[in-house]
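Visitor: Residue numbers (my numbering): 166 to 1102.
For glycine and all other residues, C-beta sits at the position ideal for the given N, C-alpha and C.
Have a look at this one before I ask anything.
Right, dumping it as structure tokens:
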């Protein structure tokens, strides 16, 4: 239902909203397109569509949007809404539908007109003849549609009376030759029995995480922090639940008992109160115990409620669609049913319910602790300690969100101030791992108000610093981190390592020299202070060394190659496991990024992300998301980059990682331009949503996106202006790491606009900044830039150095661009024979990548050099998902399904299913042919 928000002027382009009649439907673009297509004039395909879905998913709103759209185009809309109380009355819904055109019935033959009059009680001549009535309705609609297009809008057809549905079904099967469209909505996942079974159907499921977050943020007084995340989890993507729970939270309506997490309002209660009150007493009791449960099974709920084992007590609630009882679980059919049922009971009764559930959970101390906490009023150390134990167990099982909730509630129940501060600090670390910056900020205030312990404050500053950074406030993050490091640093050495790691991330995102200087002061391998550490992530030398090395490399990228060689060198005993292994992979991936080892960066992060997802700790991935996307684009894995950006955008929307949202938008625009696709640049709000002066990494990505799009449009002056802004007047880079990686783009735009001398100064400054031993990638980019802007006498020397090193094949786009520019240089010097092989290779690379505009430019050059061109074959792997491509690569190497499954942490059946599905796409039927395919590639 209610998922509409008013369009605001200057709304951000590229969001998940679709404009319809001055309003927006969040997360329903595809459904909007299908619905509006039904009512478009001149449509020859079937013009009937049934919208299905649970209550609150937006069926009626979509129908209303279609009605507005149709009326705006002069279509006559005949509408009827099913009302449960009127469903026993024959032909009530049909009468509502045809009422506006009943005067036109006068043109029908007498026997048909009488059939209508009889059905609607205008004439009293006994029951109407069903066949005559059907024919009369069909004839009436045909007559009306001869003069004007007609839309039949049938809402909530599950509540239509049976006779009306019978007639409507007859009409829908025979109206196809007329200018009549039909849209229906029905609650549930299957069509009502009287509706024709062959109707085209759209099932409205829950909103995606990103769309749900956007809808929540569009509400007045949208909640923040833990309340926001808990609300999204409870709503389960249901638009009505999001809006109603948001309204409840906005009015200050938290659960009466601490820890219940369920907002309450009278409005929510009344939505289901009538149906709840009509249930038998035992059924109401069972519903309350199920609503208060933390996912307990059916047997536990019934034992706590004292209901024995007779399942018949649930039947009344199942019959009216409030719950489903299956597979030993009680499932609420709508999130608001649970909320309304829980808060309809008085506080003392809810307290007793939690005590009863705790008593029934003798073998599950974690859930028992939660119910004791829900029943607790005030402080109770036994409850607090039990919750802390629950949190430790949750972390080991990979549940950082559950651990954070348990630790926060444990702190609230703690009588001693020192215990309260310690538990809040641990909750704060869990919230950081989840990635909820606003929740982190809430907890940070609690910790700093309770303690002056330097180690606890250091732990808190780590989380708060990263939280503020993700919100786009780099200078504030820097102040928080430095306040924990100076004047008296924490005693625990690993706390210092953790603080420095976050400081390095802030330094990279900000690009500010003053933020990076303290990191550069860190001494490698510093292990002074206490040996014990509260950080499981840094509990081994492998993980802590990788984190320290990546921090140093982030502050001074020139050291990255040597640091990477040390980390990869054999010699350290043992291998890290658990979160330490995950941390090492992320540190290794970051180090590889700074060392320009893009393939290693992607591979390490891919493995690390899989572990992060299992631990529910994707907040730790936030600083690296856009770097990995860039590495995927640079290494030619564009389909995987699309998937990664989708995941990153969803995480950023849910957790409000502001600069990540803008980064993803900029990278999408860059990739669109590289593909030769026309598309909007990041809209104006993207340039103002965060302070670009303290978010230079984001600023650099926006400038590169704008410059790349200008090249696609043929605006090389505009492209030069954008790329030139990546550097100061004296060649100082806007961003110390990202700006130099665009030096070849700047040089190409300068060469097209006659600004070679200006660009040459920048190239010289970048070369000096890279030091005597730049990375392989930077060496190739600088040779490419020198060839375009340097001394013409040395151009060919630099072109050859930019194109012959085999290591450059790791970056297929940059390598192909260098070959194209070299070939253009050769052809303009009347050496077409030398240019042809370069152009042919570049064309193949561009085509395989999907860089359509660059491929076409290369074809033009080939034709000018005397070669007739045909489109190169597209990469057959491009349409596969990242996981399917990895499975195919391993299968082509000869691995069996079980071996592939072990490597990718899948089941052998899943591997077999993927191979079965991809063989037809690749045009092969066996593993031997897969090997041949890869040889051809």
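DSSP three-state label for residue 472, please.
Guide: Position 307 of the chain shown holds residue 472. Correct three-state label for residue 472: coil.
Visitor: Figure out for me which residue from 552, 634 and 302 has the closest Cα to the Cα of residue 592.
Guide: Within the chain shown, numbered from 1, the residue matching residue 592 stands at position 427. Nearest C-alpha to residue 592: 552.
Visitor: Starting from the Cα of residue 354, find the closest Cα among 344, 448, 368 and 1077 and give me that residue.
Guide: On the chain shown, position 189 is the one that residue 354 refers to. Residue 368 is the option with its Cα nearest to residue 354.
Visitor: For a test of the three-state rule: what should DSSP assign to residue 321, helix, strand or coil?
Guide: One-based indexing of the chain shown puts residue 321 at position 156. Here residue 321 sits in coil by DSSP.
Visitor: Considering Cα atoms alone, identify which of 512, 453 and 889 is closest to residue 504.
Guide: Walking along the chain shown from the start, residue 504 turns up at place 339. Residue 504 has its Cα closest to that of 453, out of 512, 453 and 889.
Visitor: Would residue 602 and residue 623 be called neighbours here (beta carbons separated by less than 7 Å)?
Guide: Counting from 1 along the chain shown, the entry for residue 602 is found at position 437. Counting from 1 along the chain shown, the entry for residue 623 is found at position 458. Contact: no.
Visitor: Helix, strand or coil: how does DSSP classify residue 1062 here?
Guide: Counting from one through the chain shown, the residue named residue 1062 turns up at place 897. Three-state result, residue 1062: helix.
Visitor: With DSSP collapsed to three states, give me the class of residue 639.
Guide: In the chain shown, the residue the question calls residue 639 occupies position 474. Correct three-state label for residue 639: helix.
Visitor: Taking the CB atoms as reference points, tell me whether residue 138 and residue 707 lie closer together than 7 Å.
Guide: Lying before the first or after the last residue shown, residue 138 is absent from the chain, which here runs from 166 to 1102.
Visitor: Between residue 567 and residue 863, what straight-line distance do the alpha-carbon atoms span, to the nearest angstrom?
Guide: In the chain shown, counting from the first residue as 1, residue 567 sits at position 402. In the chain shown, counting from the first residue as 1, residue 863 sits at position 698. In a straight line, the C-alpha of residue 567 is about 32 Å away from that of residue 863.
Visitor: Tell me whether the region 372 to 381 and the region 809 to 828 touch, counting them as touching only if at least three CB pairs, one residue from each stretch, are closer than 8 Å.
Guide: The region 372 to 381, when compared against the region 809 to 828, does touch it at the 8 Å Cβ threshold.
Visitor: Skipping 5 residues on each side, what residues in its chain have a beta carbon closer than 6 Å to that of residue 796?
Guide: In the chain shown, residue 796 corresponds to position 631, counting from 1. The residues are 763, 766 and 767.
Visitor: Here's a check: name, in chain order, each residue in its chain whose Cβ is nearer than 6 Å to the Cβ of residue 618, leaving out the five neighbours to either side.
Guide: Taking the chain shown and counting its residues from 1, one reaches residue 618 at position 453. Counting only Cβ-Cβ distances below 6 Å, and skipping sequence neighbours, we find nothing.
Visitor: Using a 10 Å radius around the Cβ and a threshold of 16 neighbouring Cβ atoms, would you call residue 1158 buried or exposed?
Guide: Not covered by the structure: residue 1158. The range shown for the chain is 166 to 1102.
Visitor: Counting only runs of 4+ residues fully inside the region 590 to 631, write out the alpha helix (DSSP H) ranges in chain order.
Guide: Counting whole runs of 4 or more residues, the region 590 to 631 contains the alpha helix (DSSP H) stretches 602 to 615.
Visitor: Could you please give me the residues that DSSP links to residue 348 through a beta bridge?
Guide: What you label residue 348 is simply residue 183 of the chain shown in a count that begins at 1. Looking at the DSSP assignment, residue 348 forms a beta bridge with 214 and 318.
Visitor: For the alpha helix (DSSP H) containing residue 1025, name the first residue and the last one.
Guide: Along the chain shown, one-based indexing puts residue 1025 at 860. That run of the alpha helix (DSSP H) goes 1017 to 1029.
Visitor: What are the boundary residues of the beta strand (DSSP E) that includes residue 964?
Guide: Within the chain shown, numbered from 1, the residue matching residue 964 stands at position 799. Here residue 964 belongs to no beta strand (DSSP E); instead the alpha helix (DSSP H) covers 960 to 969.
Visitor: Under a Cβ-count criterion, where at least 16 other Cβ atoms within 10 Å of its own Cβ denotes burial, should residue 620 be classed as buried or exposed?
Guide: Indexing the chain shown from 1 puts residue 620 at position 455. Residue 620 comes out buried.
Visitor: In terms of residues, what are the limits of the beta strand (DSSP E) holding residue 330?
Guide: Position 165 of the chain shown, counted from the start, is the residue given in the question as residue 330. Where residue 330 is concerned, there is no enclosing beta strand (DSSP E), although the alpha helix (DSSP H) it sits in stretches over 327 to 339.
Visitor: Quick check on DSSP: helix, strand or coil for residue 860?
Guide: Here residue 860 is taken as the residue at index 695 of the chain shown, counted from 1. Looking at residue 860 - three-state DSSP - the assignment turns out to be coil, as it is neither helix nor strand.
Visitor: Go ahead and pull the three-state DSSP assignment for residue 171.
Guide: Locating residue 171 in the chain shown gives position 6, where the first residue counts as 1. With a pLDDT of 31 at residue 171, under the threshold of 50, the modelled position of this residue cannot be trusted; read the value that follows with caution. Strand.
Visitor: With burial defined as no fewer than 16 other Cβ atoms inside 10 Å of the residue's Cβ, what is the status of residue 835: buried or exposed?
Guide: Translated into positions along the chain shown, residue 835 becomes position 670. So residue 835 ends up on the buried side.
Visitor: Given a cut-off of 7 Å on the beta-carbon distance, is the pair residue 350 and residue 328 in contact?
Guide: The residue given as residue 350 occupies position 185 in the chain shown. The residue given as residue 328 occupies position 163 in the chain shown. In this structure, residue 328 does not lie closer than 7 Å to residue 350 by Cβ.
Visitor: Which residues share a DSSP beta bridge with residue 258?
Guide: Numbered from its first residue, the chain shown carries residue 258 at position 93. Per DSSP, none; premise fails for residue 258.
Visitor: Tell me which same chain residues have a C-beta within less than 6 Å of the C-beta of residue 966, skipping the five on either side of it?
Guide: Position 801 of the chain shown holds residue 966. The answer, listed in chain order, is 948.
Visitor: Alpha carbon to alpha carbon, how far is residue 395 from residue 426? Give it in angstroms, no decimals.
Guide: Working through the chain shown from its first residue, we reach residue 426 at position 261. Working through the chain shown from its first residue, we reach residue 395 at position 230. Model confidence at residue 426 stands at a pLDDT of 48, short of 50, so the residue's coordinates are unreliable and nothing is read from them.
Visitor: Just grab the DSSP bridge partners of residue 246 for me.
Guide: Position 81 of the chain shown, counting from 1, holds the residue named residue 246. Answer by DSSP bridge pairing, in chain order: 320.
Visitor: Use the C-beta contact count for residue 174: other C-beta atoms within 10 angstroms, 16 or more gives buried, fewer gives exposed.
Guide: Counted from its first residue, the chain shown places residue 174 at position 9. Per-residue confidence for residue 174 stands at a pLDDT of 28, beneath the threshold of 50, marking its modelled position as unreliable; the derived number appears in the next sentence. Classification of residue 174: exposed, given that the 10 Å Cβ count is below 16.
Visitor: Quick one, which of 673, 829 and 877 has its alpha-carbon nearest residue 900's?
Guide: Your numbering for residue 900 matches position 735 in the chain shown. Checked all of 673, 829 and 877; the closest Cα to residue 900 is 673.
Visitor: Taking 7 Å as the threshold (C-beta atoms), are residue 402 and residue 372 in contact?
Guide: For the purposes of this step, residue 372 is taken as residue 207 along the chain shown, with counting starting at 1. For the purposes of this step, residue 402 is taken as residue 237 along the chain shown, with counting starting at 1. Closer than 7 Å, so yes.
Visitor: Can you tell me where the beta strand (DSSP E) with residue 497 in it begins and where it stops?
Guide: Numbered from its first residue, the chain shown carries residue 497 at position 332. Taken as a continuous stretch (DSSP letters only), the beta strand (DSSP E) holding residue 497 covers 494 to 497.
Visitor: Measure the beta-carbon distance from residue 667 to residue 630 and round it to whole angstroms, keeping in mind my assumption that it falls under 8 Å.
Guide: For the purposes of this step, residue 667 is taken as the residue at position 502 of the chain shown. For the purposes of this step, residue 630 is taken as the residue at position 465 of the chain shown. Indeed they touch by this definition, with Cβ atoms about 5 Å apart.
Visitor: How about residue 782 and residue 598: do their beta carbons lie closer than 7 Å?
Guide: Translated into the one-based positions of the chain shown, residue 782 becomes position 617. Translated into the one-based positions of the chain shown, residue 598 becomes position 433. Taking 7 Å as the Cβ cut-off, residue 782 and residue 598 qualify as a contacting pair.
Visitor: With DSSP as the reference, please indicate the residues paired to residue 489 in a beta bridge.
Guide: One-based indexing of the chain shown puts residue 489 at position 324. According to DSSP, which records beta bridges pairwise, residue 489 is partnered with 496.
Visitor: How about residue 841 and residue 1018: are their beta carbons less than 7 Å apart?
Guide: Locating residue 841 in the chain shown gives position 676, where the first residue counts as 1. Locating residue 1018 in the chain shown gives position 853, where the first residue counts as 1. It is a contact, given that the beta carbons lie within the stated cut-off.
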